[in-house]
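Worksheet: the structure to be examined is printed underneath.
Number of protein chains: 4
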Amino acid sequence: MPEAKPKSNWKLKVHEVIYEADTPAGKFFDIVLLIAIIASILLVMLESIESLDSKYHTFFNVSEWVITILFSIEYILRIISVKQPLKYVTSFYGIIDLLSTIPKYLSLIFVGTHALVAFRAIRLLRIFRVLKLVRFLSASNHLVSALRASRAKISVFMLAVLIITIILGTVMYLIEGKEHGFDNIPKSVYWCIVTLTTVGFGDITPQTPLGQIIASLIMIMGYGIIAVPTGIVTAEYSKKEKETENEDAHAISPLPKHPDEIDVNSQTCSNCLNTKHKDKAKYCDQCGYKL
Amino acid sequence: MPEAKPKSNWKLKVHEVIYEADTPAGKFFDIVLLIAIIASILLVMLESIESLDSKYHTFFNVSEWVITILFSIEYILRIISVKQPLKYVTSFYGIIDLLSTIPKYLSLIFVGTHALVAFRAIRLLRIFRVLKLVRFLSASNHLVSALRASRAKISVFMLAVLIITIILGTVMYLIEGKEHGFDNIPKSVYWCIVTLTTVGFGDITPQTPLGQIIASLIMIMGYGIIAVPTGIVTAEYSKKEKETENEDAHAISPLPKHPDEIDVNSQTCSNCLNTKHKDKAKYCDQCGYKL
Amino acid sequence: MPEAKPKSNWKLKVHEVIYEADTPAGKFFDIVLLIAIIASILLVMLESIESLDSKYHTFFNVSEWVITILFSIEYILRIISVKQPLKYVTSFYGIIDLLSTIPKYLSLIFVGTHALVAFRAIRLLRIFRVLKLVRFLSASNHLVSALRASRAKISVFMLAVLIITIILGTVMYLIEGKEHGFDNIPKSVYWCIVTLTTVGFGDITPQTPLGQIIASLIMIMGYGIIAVPTGIVTAEYSKKEKETENEDAHAISPLPKHPDEIDVNSQTCSNCLNTKHKDKAKYCDQCGYKL
Amino acid sequence: MPEAKPKSNWKLKVHEVIYEADTPAGKFFDIVLLIAIIASILLVMLESIESLDSKYHTFFNVSEWVITILFSIEYILRIISVKQPLKYVTSFYGIIDLLSTIPKYLSLIFVGTHALVAFRAIRLLRIFRVLKLVRFLSASNHLVSALRASRAKISVFMLAVLIITIILGTVMYLIEGKEHGFDNIPKSVYWCIVTLTTVGFGDITPQTPLGQIIASLIMIMGYGIIAVPTGIVTAEYSKKEKETENEDAHAISPLPKHPDEIDVNSQTCSNCLNTKHKDKAKYCDQCGYKL
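In structure tokens form, the structure reads like this:
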């Protein structure tokens, strides 16, 4: 177990407020952050509407600055209060936190970097952290593990679908040709995906009888093979459900207790950023750091 | 148990006719009401067709008044014959009953309040009461409880889908831009939902190669993730079905008897408006009021 | 058991050829009939293509007459060779057989009765008889009984969907109005069905922000509730499959042997038109008539 | 067991490199081939984009020749190194290998045979061999056998769908007619398939009220019957999964060990082209030829 020097008191306090949702201050912080994220996303969306932007440009700009500065302060506090700042900065959420504050500052230097607006939408991903969906997701854990178990099969299925669309896309390009909107093979493959997935925009449609016959086959195929991913997910999910059920039924089960049944809380280790801790844990079970 | 004074005889009679479907008079009343509701909805629909309205305006208007007055009388009788009128008035169906009569009267005072026509469509919800679908729904109760059990998981799923559409919508806005119909981010998110759900109107379509590649990914994703809600509902429904089956198989089941198997009738308690009563019940099992 | 006089020999012969597929002659007859039906449908389809019709009008007309006369002869032979002609004439296939020959004769009397062409497409239904799909369908019998068991639940579901579309259609009519293609409530309801079922023609699309928000909700709803019929059918079908499996497993099953497992053949009783007979049956199990 | 003369040493070496993926040389060859196939398909796709083709025509042409010659050499080596060349040439992959090299040579003789480009897309099918998906597919073998078990039922279902679309297509043709885009019955049937599969291009849409009512019915039907193939595949797949599970549970299973559990490798018999061999097999289990 690595021996670690205790951090200064205010840092510990900040850590508790920012990283944990179990204290009133932590809960309040999370709610404020959640509102800030949603407000920020709404701002990005409304700003993009020209009629609104021309009217309320100053309001949008000021609000955006307020939120950006708040996020910046939060980012700095997160770095300071964590034991291993580098680990946070290079973590998934660390990068997202940085990307969601930087565009606004860059817009000061480079005028008209409108494209950077996209990075602000990335803030939305932060919602997952604030909502501490970990706890909630553990309820739908069977679903996650069912999807994981299905991954390989669905990948093979998707590869097969891709190959089919490329071949049929080429065929459609040869049959319909430029004059009916099938300008080139990539566009024709795009049309094929649009049709096979039953989306059917209708911006490109086959005009020749032969093209329409092949299109019909693609549609019926798409209509039929949707059964495959559905069948896989359903069967895997049912299996997972049944496994847990059986474990519940036989108390002296030979199988190990399901990990979901361990009570976890939302404390985050200030050393290694591990988030799933047992309810009464006193030390991080990943790095031995005192919680 | 609250001691309640017996209502006057004619009120009891009215209560029986309006609220219960077990007597011939009650059945007759229900059928008339059902026809009135359907006729009323047809009127609303046909009135909205200009060519028909200009021809048969007077007929439509008179019929509408007849139905509105009938519904008003019914509403008043419902209030009178119930023990706790306030409870009825503030109940779900009480509000619907009011909302479905009031627009026509308001159209007398405020000329041209065409918008209120929508409230008349709300009458359709009354069908559920008339059809006393309670009994029928109990047959598909496994479905309802399966949907309830799936609710949390489907909510998480829907939240994830929403976040995906907002992020991808922003990306598409940046790639395609105003010139290809992606006027602003909300509209782009709308397009993203249209595409992900495989609806595909085709009023807005990506024109750039990169936009079409991302659109393809969205479509394939939408085509694949439809498996998730389907898988959840199917698995939950199968589980519920199996539970009942097991109970049927083991006569001396350790599990409590399934509530569906109790015979209920359509009597409505005149005190608390509770509708599910055991077939031979003499007192309301919710408030102890004599049926 | 009704005592029946034996039919004249040639009638019995005809009966065997037309109604049974177990003799070489019967099989040959069925194949010829199958080809005639498919040819007839192809004729109807090709005739409707103007460019082809103007070229090959005489060929189409003559072929159509040949097929019609063949079908007429077959119809008459069917009446003659059956014990109870009235029962055949009023049976499902009897009516279809009549409807598929009569239009051509009527076109002689009433010039330009193009609309009657539809009745010729009805001939397609005859395919089911020729293919003697009975035997084949019994293989997918679990599917049929699963669909039957799901009927009530799917009906309730469909009713709910219908009510939702009518209410949302009215709302969309009020929001979008005539100027955006939502001309009247029925058309708006039609749009709502197009959207909820994820078909999405795109001939009518919401233009107002509020309309697009509600449209998004309709689409997500449609995308989600497709899980309901799928879940019901899958669960019921799995149940049926398992039932049979259990019966197979326990030889001395307390449950009656599954009817599917009785070997049936395609003989048709010449008295009562019953088609499912046990392989070694000598008398019709419905009317006692000698096969 | 047929006695076979050993091939010359270099032929054996070539066989090992081309047909087997277990040696380093074989793995390297497979990776090169995979890259060549993907590059070749990308070339075909990019060539079809006019703006790119006019710019880089020479580059595309040269690259195409390089790949074609490589494929030709590979094809010849495959013929030489195999014991029974005729068997390879007439096998599925033999024909594909030929078809993917020949078009380029033909374009030398016949100028402007652009249509042959389609055959080059067939190269994509070769990917399945290179990826040696056999091993991987055996993981999703339950899926394949589930699909096989569902085949008959899905065929009946598809036949029924086809008959429905033909009849409804004819009805729509009669109702809507030429003036609304339903030019002839085949086109009308095409529209019907577009609608039933919920693709909904929107290039042809019903305009008459009656047409829209029938269209609504078709859409709801399509929305509902998608449950059928999904239900079949899911149920069959679940059954297969459970069977394996049961076998795993009961070690002394009365059922034979599941074939998937035999370790196979990617060696290909140079005599009979059989690809699934047990890991320690020394002779081909199909023809007895030494591996």
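Residue numbers (the numbering used here), protein chains in the order written: chain S, 296 to 586; chain Y, 296 to 586; chain W, 296 to 586; chain P, 296 to 586.
The C-beta atom is built at its ideal place from N, Cα and C for all residues, glycine as well.
Listed by chain order, chain W residues near residue i by CB distance under 7 Å
i	result
Ile480 of chain P	Val339, Met340, Ser343
Glu536 of chain Y	Ala530, Lys534
Gly389 of chain P	Those do not exist, as Gly389 of chain P stays about 36 Å from chain W at its closest Cβ, beyond 7 Å.
Pairwise C-alpha distance: residue j and residue i
i	j	result
Ile255 of chain Y	Leu393 of chain Y	Past the boundaries of the shown model lies residue 255 of chain Y; chain Y is included only from 296 to 586, so the question cannot be answered.
Tyr314 of chain Y	Arg424 of chain W	51 Å
Met467 of chain S	Ser343 of chain P	13 Å
Ala530 of chain P	Cys487 of chain P	29 Å
Ile557 of chain P	Thr539 of chain P	Residue confidence for Ile557 of chain P is low, a pLDDT of 42 falling below 50, so the modelled location carries little weight; the figure read from the coordinates is stated next. Whole-angstrom Cα-Cα distance: 14 Å.
Arg418 of chain S	Thr500 of chain Y	27 Å
Pro554 of chain S	Ile449 of chain S	Reliability fails at Pro554 of chain S, whose pLDDT of 42 lies under 50, so the model's placement of it is uncertain and the value that follows must be treated cautiously. Whole-angstrom Cα-Cα distance: 26 Å.
Ile527 of chain P	Ser445 of chain Y	22 Å
Leu469 of chain P	Ile332 of chain W	21 Å
Ile547 of chain Y	Glu311 of chain Y	Per-residue confidence for Ile547 of chain Y stands at a pLDDT of 41, beneath the threshold of 50, marking its modelled position as unreliable; the derived number appears in the next sentence. Cα to Cα, the separation comes out at about 39 Å.
Thr525 of chain P	Val523 of chain Y	13 Å
Val494 of chain S	Pro380 of chain S	46 Å
Val439 of chain P	Ser533 of chain P	12 Å
Arg421 of chain Y	Leu337 of chain Y	15 Å
Leu347 of chain W	Asn356 of chain W	12 Å
Lys308 of chain P	Met340 of chain P	35 Å
Ser358 of chain P	Gly517 of chain W	48 Å
Thr490 of chain Y	Ile521 of chain W	16 Å
Ile480 of chain S	Ser511 of chain Y	14 Å
Asn304 of chain P	Ile364 of chain P	25 Å
Lys552 of chain Y	Ala441 of chain Y	Legend: pLDDT at Lys552 of chain Y = 40, less than 50; position of this residue unreliable, value from coordinates given subsequently. For Lys552 of chain Y and Ala441 of chain Y, the distance between alpha carbons rounds to 18 Å.
Ile375 of chain Y	Gln502 of chain W	46 Å
Residue range of the unbroken alpha helix (DSSP H) whose run includes residue i
i	result
Gly472 of chain S	Looking at the DSSP string, Gly472 of chain S is not in any alpha helix (DSSP H), and its letter there is neither H nor E.
Ser348 of chain W	Before going on, a small fix: residue 348 of chain W reads as Asp here, not Ser. Segment 345 to 376, the alpha helix (DSSP H) holding Asp348 of chain W.
Val484 of chain P	480 to 491
Gly280 of chain P	Chain P is shown only over 296 to 586; residue 280 of chain P falls outside these bounds and no answer can be derived.
Gln507 of chain S	504 to 520
Leu329 of chain P	319 to 342
Val312 of chain W	304 to 314
Phe405 of chain W	From DSSP, Phe405 of chain W is part of no alpha helix (DSSP H); its letter is neither H nor E.
Ile391 of chain Y	387 to 394
Val494 of chain Y	Careful: Val494 of chain Y lies outside any alpha helix (DSSP H) and carries neither H nor E.
Pro380 of chain P	380 to 384
Where residue i meets chain S, residues with beta-carbon distance less than 8 Å
i	result
Gly497 of chain W	Phe496, Gly497
Tyr500 of chain Y	It is Thr, not Tyr, that sits at residue 500 of chain Y in the sequence shown. What Thr500 of chain Y touches in chain S: Phe496, Asp498.
Partner residues on chain P for residue i, Cβ-Cβ distance less than 8 Å
i	result
Ala668 of chain S	Look at the range of chain S in this structure, 296 to 586, and you will see that residue 668 of chain S is not part of it.
Ile336 of chain W	Ile461
Below-9 Å beta-carbon distance, residue i vs any chain B residue
i	result
Thr539 of chain Y	Among the protein chains of the structure shown, namely S, Y, W and P, there is no chain B.
Residue i CB to nearest heavy atom of the ligand ADP below 8 Å
i	result
Ala522 of chain Y	No copy of the ligand ADP occurs in the structure displayed, which carries no ligand at all.
Cross-chain neighbours of residue i in chain Y, by beta carbon under 7 Å
i	result
Thr385 of chain W	Within chain Y, no residue comes near Thr385 of chain W; the closest Cβ sits about 32 Å away, beyond 7 Å.
Pro524 of chain S	Gly519, Ala522
Ala416 of chain S	Ile461, Ile462, Thr465
Chain P contact residues for residue i, given Cβ-Cβ distances below 7 Å
i	result
Thr493 of chain W	Thr493
Ile326 of chain W	What Ile326 of chain W touches in chain P: nothing, since even the nearest Cβ is about 17 Å away.
Residues that residue i contacts on chain W, provided the C-beta gap is smaller than 8 Å
i	result
Ile488 of chain Y	Ser511, Met514, Ile515
Chain S residues whose Cβ lies nearer than 7 Å to that of residue i
i	result
Leu419 of chain P	Ile458, Ile461, Ile462
Tyr485 of chain P	Gln507, Ser511
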